[in-house]
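Okay, so here's the structure we're looking at.
Residue numbers (UniProt numbering), protein chains in the order written: chain A, 1 to 183; chain B, 1 to 183.
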């Protein structure tokens, strides 16, 4: 009887999760992919030449494949520093696209993720670069109005080396980049 | 006649700005103070011991005085790293509390600010530390539910050394810390 009830509850929770699109928090890789796919922007963390950590608000799309693409100008700090030190992190919160049910953004059950790795410029004449640019312009139509003619904008990809995910009242999740990309 | 019209328009714009509370973008110091006061959370950027830039979603309050206060645990990355390297930045976007009128978060006219400086733990028995804790608990009531008894949480203050502000289609604003704090 108790197990039937548990099963019914489980089904109910699963259905609710399906309806809202929010995966079960314990399906860690799937949850992380959902969070990154649902997000449209975050903060890039990077270093100044003297290792002062800086942040920059950047829009992105993962084009459905898990690795975020950006459209950055070398006239902006995030694009400029990538010419010197490619170590970058992208941090985003579930709060960006829902309000976490009124929870405080710092609450561990308001999900947040930091993807750390290397930010690389993709050549415009590469297949992946051209595809990423189309995906970025589709996700962020105003990018089309950015002054492309000055030649300072380019497409960048964050090659993920490490993932920090918190999505419930518990320590950060164990999640390898391989598991994340395969989800 | 033309100048009367200009004056009328100016008054209209000023009134609109007063109504929404959003200062004129060219009142740079006032605008920056408004942005930080209106925000409730942002991303802290900091370094790992090997200078890998990381980000962490953190709630804050400036308690009306311009310098952000945080409530962080040494069990979380942002609190932990502050024990080793106090150089931190806080980045936040106007998009956090309005939707920038439907603009893309990366658009320069969707205001964003990065405050860079040193993140210092405030002793709980100091006047400023006790005042900041009260302001934090008022702004973020759920902090009261954080496991204070484990002794890992403390109040931190970001001592600002540098300000990066973008609030219109133009290069980043010139704004000294002195001007900011005096506004």
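Even glycine gets a Cβ: it sits at the ideal position worked out from N, Cα and C.
Note that the structure is predicted; figures quoted are calculated from it, not measured.
Exercise. If you draw a straight line from the alpha carbon of residue 181 of chain B to that of residue 92 of chain A, how long is it in whole angstroms?
Worked result: Just so you know, the alpha carbons of residue 181 of chain B and residue 92 of chain A end up roughly 29 angstroms apart.
For this session: Could you tell me the distance, in whole angstroms, from the CA atom of residue 80 of chain B to the CA atom of residue 45 of chain B?
Result: Distance between the alpha carbons of residue 80 of chain B and residue 45 of chain B: 13 angstroms.
Problem set entry | Element boundaries [beta strand (DSSP E), containing residue 122 of chain B] | Segment 112-122, the beta strand (DSSP E) holding residue 122 of chain B.
Exercise. Listing by chain order, which chain B residues have their CB less than 8 angstroms from the CB of residue 88 of chain A?
Worked result: Per Cβ cutoff of 8 angstroms: 53.
Exercise. Taking Cβ positions, are residue 128 of chain A and residue 35 of chain A nearer each other than 8 angstroms?
Worked result: Taking 8 angstroms as the Cβ cut-off, residue 128 of chain A and residue 35 of chain A do not qualify as a contacting pair.
Problem set entry | residue 60 of chain B (DSSP reduced to helix, strand or coil) | Residue state, collapsed to three classes: coil.
For this session: May I ask you to verify whether the stretch 149-162 of chain A touches the stretch 113-126 of chain A, counting CB pairs closer than 8 angstroms and requiring at least 3?
Result: Contact between the stretch 149-162 of chain A and the stretch 113-126 of chain A is present, because at least three Cβ pairs lie under 8 angstroms.
Exercise. Do we get a CB-CB distance below 8 angstroms when we pair residue 46 of chain B with the residues of chain A?
Worked result: For residue 46 of chain B, the answer is yes, since a Cβ of chain A falls inside 8 angstroms of its Cβ.
Exercise. Mind listing which residues of the stretch 107-119 of chain A have their C-beta closer than 7 angstroms to chain B's C-betas, in chain order?
Worked result: Within the stretch 107-119 of chain A, the qualifying residues are 107, 112, 114 and 116.
Problem set entry | Ranges of the alpha helix (DSSP H) found wholly within the UniProt domain "CREG-like beta-barrel" (23-181) of chain A, counting only runs of at least 4 | Within the UniProt domain "CREG-like beta-barrel" (23-181) of chain A, the runs of alpha helix (DSSP H) that reach at least 4 residues and sit entirely inside it are, in chain order, 28-38, 77-81 and 127-139.
Exercise. Pairing CB atoms from the stretch 167-177 of chain B with CB atoms from the stretch 141-155 of chain B, are three or more of them under 8 angstroms?
Worked result: With the cut-off at 8 angstroms, the stretch 167-177 of chain B and the stretch 141-155 of chain B do not touch.
Problem set entry | Spatial neighbours of residue 89 of chain B in its chain, beta-carbon cut-off 6 angstroms, leaving aside the 5 residues before and after | Cβ within range, chain order: 45, 114 and 116.
Problem set entry | Spatial distance of residue 152 of chain A from residue 122 of chain A (CA atoms) | If I take the Cα positions, the gap works out to 13 angstroms.
For this session: For residue 166 of chain A, collect the residues of the same chain with a Cβ closer than 6 angstroms to its Cβ; drop the 5 residues on either side in sequence, then sort them by chain order.
Result: Closer than 6 angstroms at Cβ, skipping near neighbours: 108, 112 and 172.
For this session: State yes or no: is the beta carbon of residue 105 of chain B nearer than 8 angstroms to at least one beta carbon in chain A?
Result: True, the Cβ-Cβ gap to chain A drops below 8 angstroms.
For this session: Measure the alpha-carbon distance for residue 138 of chain B versus residue 132 of chain B and round it to whole angstroms.
Result: For the pair residue 138 of chain B and residue 132 of chain B, the Cα-to-Cα distance works out to about 10 angstroms.
For this session: Measure from the C-beta of residue 43 of chain A to each C-beta in chain B and report whether the shortest distance is under 8 angstroms.
Result: Any Cβ of chain B closer than 8 angstroms to the Cβ of residue 43 of chain A would place that residue at the interface, and such an atom is present.
For this session: For residue 47 of chain A, count neighbouring C-beta atoms within 10 Å of its own C-beta (all shown protein chains included) and say buried if the count is 16 or more, exposed if not.
Result: Buried.
Exercise. Whose CA, out of B/43, B/49 and B/39, lies closest to the CA of residue 61 of chain B?
Worked result: The residue with the shortest Cα to Cα distance from residue 61 of chain B is B/39.
Exercise. Measuring CB to CB, does residue 43 of chain A end up less than 8 angstroms from residue 86 of chain B?
Worked result: Contact annotation: residue 43 of chain A and residue 86 of chain B have beta-carbon atoms that are not nearer than 8 angstroms.
For this session: Give a yes or no on whether the C-beta atoms belonging to residue 33 of chain A and residue 183 of chain A are separated by under 8 angstroms.
Result: In this structure, residue 183 of chain A lies closer than 8 angstroms to residue 33 of chain A by Cβ.
For this session: Leaving aside the five residues before and after residue 49 of chain A along the sequence, list all residues of the same chain whose C-beta is less than 7 angstroms from its C-beta, in chain order.
Result: So the qualifying residues of the chain are 84.
For this session: Report buried or exposed for residue 75 of chain A, applying the criterion of at least 16 other Cβ atoms within 10 angstroms of its Cβ.
Result: By the 10 Å Cβ count, residue 75 of chain A comes out exposed.
For this session: Give every residue of the same chain whose Cβ lies closer than 7 angstroms to the Cβ of residue 66 of chain A, excluding the five residues on either side of it in the sequence, and list them in chain order.
Result: Answer for residue 66 of chain A: 33, 36, 180 and 181, listed in chain order.
Exercise. Chain A partners of residue 57 of chain B, CB-CB under 7 angstroms?
Worked result: Those are 91, 93, 105, 106 and 112, listed as they occur along chain A.
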